[in-house]
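2 protein chains.
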Amino acid sequence: MTESLKLALVDDHDLFREGLSFLLNNQNSKPEIKEVSNGQELLDLLANWQADIILMDIEMPVMNGIEASNEVMKKYPASKIIALSMHANENYYSEMIDAGAKAFLLKNSSFEEVQQAIDAVMEGRNFFSPEILESIIANLNRKKNQPSKSDLTQREIEILYNICKGLSNQEIAEMLFISKRTVDKHRENILLKTQSKNTASLVIYAIKNHIFEV
Amino acid sequence: MTESLKLALVDDHDLFREGLSFLLNNQNSKPEIKEVSNGQELLDLLANWQADIILMDIEMPVMNGIEASNEVMKKYPASKIIALSMHANENYYSEMIDAGAKAFLLKNSSFEEVQQAIDAVMEGRNFFSPEILESIIANLNRKKNQPSKSDLTQREIEILYNICKGLSNQEIAEMLFISKRTVDKHRENILLKTQSKNTASLVIYAIKNHIFEV
DNA sequence: TGCGCAATAGGTATTTGTACGTAGAGTGTC
DNA sequence: GACACTCTACGTACAAATACCTATTGCGCA
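Taken in order, these protein sequences are the chains called A and B. Per the numbering used here, the very first residue in the first sequence carries number 808; after that it's consecutive. Per the numbering used here, the very first residue in the second sequence carries number 808; after that it's consecutive.
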């Protein structure tokens, strides 16, 4: 008899996890399932139990799916990670794929798609929800038309984060022990890089790009 | 033999719905379950099939849970609505309760809590996730300490919306065919009412209060 | 060793936002 | 008819943000 599939479920929404776990348990081929509610718990789990497949949410407290995937792939490069996201957000899937995810599903996928994704990654293939594929194609076209301006430095992200918290340049300067003029300059550069024209669009950018959470 | 419980599941995330439906189906008392993916579909469904309990998501396309609850309670006042939300957002639950919801669960509740909520509403009681209760208490204290300043007029919401889109007061004035000084004044009033100190916090407020979507 | 880049900082000018006044016209309500 | 509230608008002043300059330091990479 072959060993059953070992499957880790990583999601902070207990109800979602419970439901999915139940669905997975009621297939013909019963996998061995372990549930955890964030990336840190996953790493703790994997220390003693090697998963074949990891179904991983992205937005999670303590350690999110992107960090967790990076860590997992460093330590266990053979892991098959299937990302489970709420939204077809451009940044999410590119970061998750960079981090080593083999498949990307939306939470409004059907369970059939989950099964397809599992089959695919077990055979070494990739799998993406149709919505994700659309979004990837759309992005490819966009990126060809305009040079990438969207990578902020760590310092710039820090400044932007504090802008979103409602701090003025003066206040940010005091907090970071640098001159207000330096913050002015950073802010100017951030506006340029993000192609925003004022504070309001800056904040929207920060939220869309998960630099600031509401 | 008593009739089985009639239960409507309203959520745009198929996978979540499938999982929950499966869990509900595997209890001792099997309810009759119908699934729909937004408020409009729910109303269509109820026209021919009266549900005892409606498990309803809040954030949904086409028609969200708040609008849907309002409509449902107008037409079928005996309905027992259990709200299922992603976040413990103050505005959400107060609006859902206003709209007639009898219980409020978070999606990181356990399935046991779902069962408790169903039992509670069937007996005419209310049920809230512990996190929601905490949040309600916290809000009560806040509201007692400071007079309510948070209701913006329609015009103010319109101005705020356009601020979030990155428009300057001048541009908003031109768009609405009013003086820039009037927009200045509106903006000032909005800052006051929302207790924000600048554009950045204003945008955050707008997003938190669903005046602007990212 | 030279190059690019991130982080720092200043000069200067203009635009935009914030703050505190006042006030009329319109609407709905008690 | 008095009152409350919204939308409109202006005066004035100061604070903050935006725009376009230059420039030094340090660090890593080719």
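Beta carbons are placed, not taken as given, at the ideal position from N, Cα and C, and that holds for glycine.
Contact between I970 (chain A) and A1007 (chain B) holds: CB atoms are separated by about 5 angstroms, below the 8 angstroms threshold. Distance between R994 (chain A) and I966 (chain A), taken at the CA atoms: about 7 angstroms. The beta carbon of N1005 (chain B) falls within 9 angstroms of a beta carbon belonging to chain A, placing the residue at that interface. Shown here for N877 (chain B): same chain residues with a beta carbon closer than 8 angstroms to its own, the five before and five after excluded, namely A906, G907 in chain order. With a threshold of 9 angstroms between beta carbons, N835 (chain B) makes no contact with chain A. The beta-carbon of L983 (chain A) is placed no less than 9 angstroms from the nearest beta-carbon of chain B.
For S986 (chain A), the secondary structure class from DSSP, reduced to helix, strand or coil, is coil. When the Cα atoms are used, G931 (chain B) and N1016 (chain A) turn out to be separated by approximately 44 angstroms.
Its chain contains I964, L967, Y968 as the residues whose beta carbon lies nearer than 7 angstroms to that of I1018 (chain B), once the 5 sequence neighbours on both sides are disregarded; these appear in chain order. Shown here for L974 (chain A): same chain residues with a beta carbon closer than 8 angstroms to its own, the five before and five after excluded, namely M982 in chain order.
In the DSSP annotation of this structure, the continuous segment of the beta strand (DSSP E) that includes L913 (chain A) starts and ends at 908–913. Where D851 (chain B) is concerned, the enclosing alpha helix (DSSP H) starts and stops at 846–853. Contact annotation for K1015 (chain B) against chain A: V1021 [CB-CB distance below 8 angstroms, chain order]. Comparing C-alpha distances from A927 (chain B) to each of B:A1013, B:I860, B:E810, B:I873 shows the shortest one belongs to B:I860. Among the CB atoms of chain A, none fall inside 9 angstroms of the CB of M903 (chain B). Residue contact check for I939 (chain B) against chain A: no CB pair falls below 9 angstroms. Interface annotation, D819 (chain A): in contact with chain B, CB-CB separation under 9 angstroms. When C-alpha distances from A1013 (chain B) are compared across B:D819, B:I904, B:D958, the shortest belongs to B:D958. Put simply, the segment 843–859 of chain B does not touch the segment 855–874 of chain A. Fewer than three CB pairs are less than 8 angstroms apart.
The beta carbon of N933 (chain B) sits closer than 7 angstroms to the beta carbons of K909, A910, A927 from its chain, once the five residues preceding and following it are set aside; these are given in chain order.
Close CB contacts of E874 (chain A) within its chain, under the 7 angstroms cut and outside five residues either way in sequence, are with G846 (chain order). Counting along the chain, no beta strand (DSSP E) covers D859 (chain B), and no H or E run does either. Spanning the alpha carbons of N833 (chain A) and V990 (chain B) requires a straight line of approximately 60 angstroms.
Its chain contains no residue whose beta carbon lies nearer than 8 angstroms to that of N835 (chain A) once the 5 sequence neighbours on both sides are disregarded. Neighbours of V928 (chain B) in chain A, taken as residues whose beta carbon is under 9 angstroms from its own, are absent, since the nearest beta carbon is some 17 angstroms off. Using a Cβ-Cβ cut-off of 8 angstroms, N855 (chain B) is close to nothing in chain A; its nearest Cβ partner there is about 25 angstroms away. From the listed residues A:L849, A:V817, A:D818, A:L822, the smallest Cα separation to E920 (chain B) is found for A:L822.
Residues of chain B whose Cβ lies closer than 8 angstroms to the Cβ of S975 (chain A) are, in chain order, N1005. In the three-state reduction of the DSSP assignment, E874 (chain B) falls in the helix class, which pools H, G and I. With distances taken between CA atoms, L891 (chain A) lies nearest to A:D819 out of A:P838, A:P884, A:D819, A:I1011.
For E825 (chain A), the neighbours in chain B by C-beta distance under 8 angstroms run, in chain order, G826, L830, S917, F918. Secondary structure of I964 (chain A) (DSSP, three-state): helix.
In the displayed model, E839 (chain B) falls within a strand according to three-state DSSP.
Against chain B, the CB of I970 (chain A) has a partner CB under 9 angstroms away; the residue lies at that interface.
Cβ-Cβ separation between S886 (chain B) and M880 (chain B): approximately 6 angstroms, consistent with a contact (criterion under 8 angstroms).
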